Amino acid sequence: MDEAYGWSGKTLRTQRIMHSASGTTFLVPLDHSLADGPVSAAADFAGLVTAMAANDVDGIIVHKGRVRFLPTELLGRLALVVHLSGSTRHAPDADAKTLVGAVTEAVALGADGVSLHINLGSSNEAQQLADFGLVADRCARWGVPLLAMVYPRGPRIADPADPALLAHAANVAADLGADIVKLPFTGSSVTMREVVEASPIPVVTAGGGVIDDTGTFLNLIDSVMASGVRGVAVGRNIFRASDPGKLARSVAQRVHAGLGSRKPLTPLDLALAGATVA
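Take 65 as the starting number for the sequence shown in this note's numbering and just add one per residue.
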């Protein structure tokens, strides 16, 4: 495939992932069912996705087989990101992610992007990095945006929220060909901004563990967005909420509030968001 077509395809697909007005994104990962078990009762899954589409979520992340159970009429309102790697919590090493899908499968399903999970410091880090390189090559060929979820996890990782370590993780993602990187939050908007400024590609943050108090959780989203990240990917805190749609709308309002004091967009950012670069 001609590289120009691949780049054009990435630009067009990324427009579906990034909010057109703010240039930020709010993604809801629903891929936890592979690693941890059901995110909802089977009969309630379509309703959960409907609530996401109705409350300004930009996209969802699911595994390839789950696409069959999505309400197809909603995919015009939600970007579809297909997750390509996985493990279960029952494995001898749950941090040892392995490829379970392919870019061509995601394209056949109509995906707007794909995602891949890498655990830096895990026992099979070398294989995960090799898989990353392979997926990035296929994404470039097919014009599919790649979201890399790069987490410091493993026996040699003392502090998975260390800003220097997260800046390294972001650059691993950029160096191997990702278009967007998903990272844990450092816990501080000041230190997270340092991570954002060290990253050549847009950063989104993970939602982290479940926070039962809604006010505390929304304050966390405010702090995250103040750091200059390009968005959030929040799963458990949304789909385990008593009213997932209501909470999603509150998060979306914060994520889409505008760029404000955030890091200025680079020409690459503008191209990924579908804007014209002067």
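No residue lacks a Cβ here, since even glycine has one placed at the ideal position from N, Cα and C. None of the values given here were measured: they were computed from a predicted structure.
- prompt: So the beta strand (DSSP E) Lys-246 belongs to, where does it begin and stop?
  reply: As a working mapping, residue 246 is identified with position 182 in the sequence shown. From DSSP, the beta strand (DSSP E) with Lys-246 extends over 244-247.
Beta-carbon gap between Val-167 and Cys-203 smaller than 8 angstroms: Here residue 167 is taken as the residue at index 103 of the sequence shown, counted from 1. Here residue 203 is taken as the residue at index 139 of the sequence shown, counted from 1. Yes, Cβ-Cβ distance for Val-167 and Cys-203 is below 8 angstroms.
message: Tell me whether Arg-304, by its Cβ, gets closer than 7 angstroms to a heavy atom of the ligand GTP.
response: You won't find the ligand GTP in this model; it holds no ligand whatsoever.
- request: Mind reading off the beta-carbon distance from Leu-184 to Val-214? Whole number of angstroms is fine, and I expect it under 8 angstroms.
  value: Reading the sequence shown from its first residue, position 120 is the one you call residue 184. Reading the sequence shown from its first residue, position 150 is the one you call residue 214. The Cβ separation is near 6 angstroms, so the contact holds.
contact_flag[the stretch 257-266, the stretch 221-241] where n(CB pairs < 8 angstroms) is 3 or more: yes
message: Checking 8 angstroms against the spacing of the C-beta atoms, do Lys-246 and Ala-297 come in under that value?
response: Residue mapping note: residue 246 aligns to position 182 of the sequence shown, counting from 1. Residue mapping note: residue 297 aligns to position 233 of the sequence shown, counting from 1. Result yes, Cβ atoms of Lys-246 and Ala-297 sit closer than 8 angstroms.
message: Cutting at 8 angstroms between CB atoms, please list the residues of its own chain near Arg-217, excluding the five before and the five after it.
response: Numbered from 1 along the sequence shown, position 153 holds the residue referred to as residue 217. Same-chain partners within the cutoff: Asp-159, Asn-183, Leu-184, Gly-185, Ser-186 and Pro-224.
message: For the structure I just gave you, are there three or more beta carbon pairs, one from the stretch 75-87 and one from the stretch 272-290, closer than 8 angstroms?
response: no
message: Considering Cα atoms alone, identify which of Met-116, Gly-241 and Thr-250 is closest to Pro-135.
response: Stepping through the sequence shown from its first residue, residue 135 is reached at position 71. Checking every option, the nearest Cα to that of Pro-135 belongs to Met-116.
task: Can you say whether His-154 is buried or exposed, counting buried as having 16 or more other CB atoms within 10 angstroms of its CB?
output: Against the sequence shown, residue 154 aligns to sequence position 90. Answer is exposed; the Cβ neighbour count stays below 16.
message: Since Ser-149 and Asp-100 should fall inside the 8 angstroms C-beta cutoff, what is the C-beta to C-beta distance between them, to a whole number of angstroms?
response: Translated into the one-based positions of the sequence shown, residue 149 becomes position 85. Translated into the one-based positions of the sequence shown, residue 100 becomes position 36. About 15 angstroms; that fails the 8 angstroms criterion.
query: Could you give the uninterrupted runs of the beta strand (DSSP E) lying entirely in the stretch 137-216, keeping only those of 3 residues or more?
result: 143-147, 177-184 and 210-216
task: Output yes or no for whether 8 angstroms exceeds the beta carbon distance between Val-171 and Ile-124.
output: Here residue 171 is taken as the residue at index 107 of the sequence shown, counted from 1. Here residue 124 is taken as the residue at index 60 of the sequence shown, counted from 1. No, these two residues do not count as a Cβ contact at 8 angstroms.
Contacts around Arg-220, its chain only, beta-carbon distance under 7 angstroms, and the 5 residues preceding and following it disregarded: Numbered from 1 along the sequence shown, position 156 holds the residue referred to as residue 220. Excluding positions up to five away in sequence, the list reads Gly-185.
query: What separation, rounded to the nearest whole angstrom, lies between the Cα atoms of Val-254 and Gly-272?
result: Reading the sequence shown from its first residue, position 190 is the one you call residue 254. Reading the sequence shown from its first residue, position 208 is the one you call residue 272. About 18 angstroms.
message: For Val-126 and Leu-94, which I take to be in contact (beta-carbon distance under 8 angstroms), what is that distance rounded to the nearest angstrom?
response: Taking the first residue of the sequence shown as 1, we reach residue 126 at position 62. Taking the first residue of the sequence shown as 1, we reach residue 94 at position 30. Their Cβ separation, rounded to whole angstroms, is 5 angstroms, which keeps Val-126 and Leu-94 in contact under 8 angstroms.
- prompt: Can a CB atom of chain D be found closer than 8 angstroms to the CB of Arg-132?
  reply: Checking the listed chains, one finds no chain D in this structure; it contains a single protein chain.
query: Name the DSSP beta bridge partners of Pro-93, please?
result: As a position in the sequence shown, residue 93 is number 29, starting the count at 1. DSSP output for Pro-93 lists Ile-125 as bridge partner(s).
- request: State the Cα-Cα distance for the pair Ser-151 and Pro-102, rounded to the nearest angstrom.
  value: Position 87 of the sequence shown holds residue 151. Position 38 of the sequence shown holds residue 102. Answer to the nearest angstrom: the Cα atoms are 14 angstroms apart.
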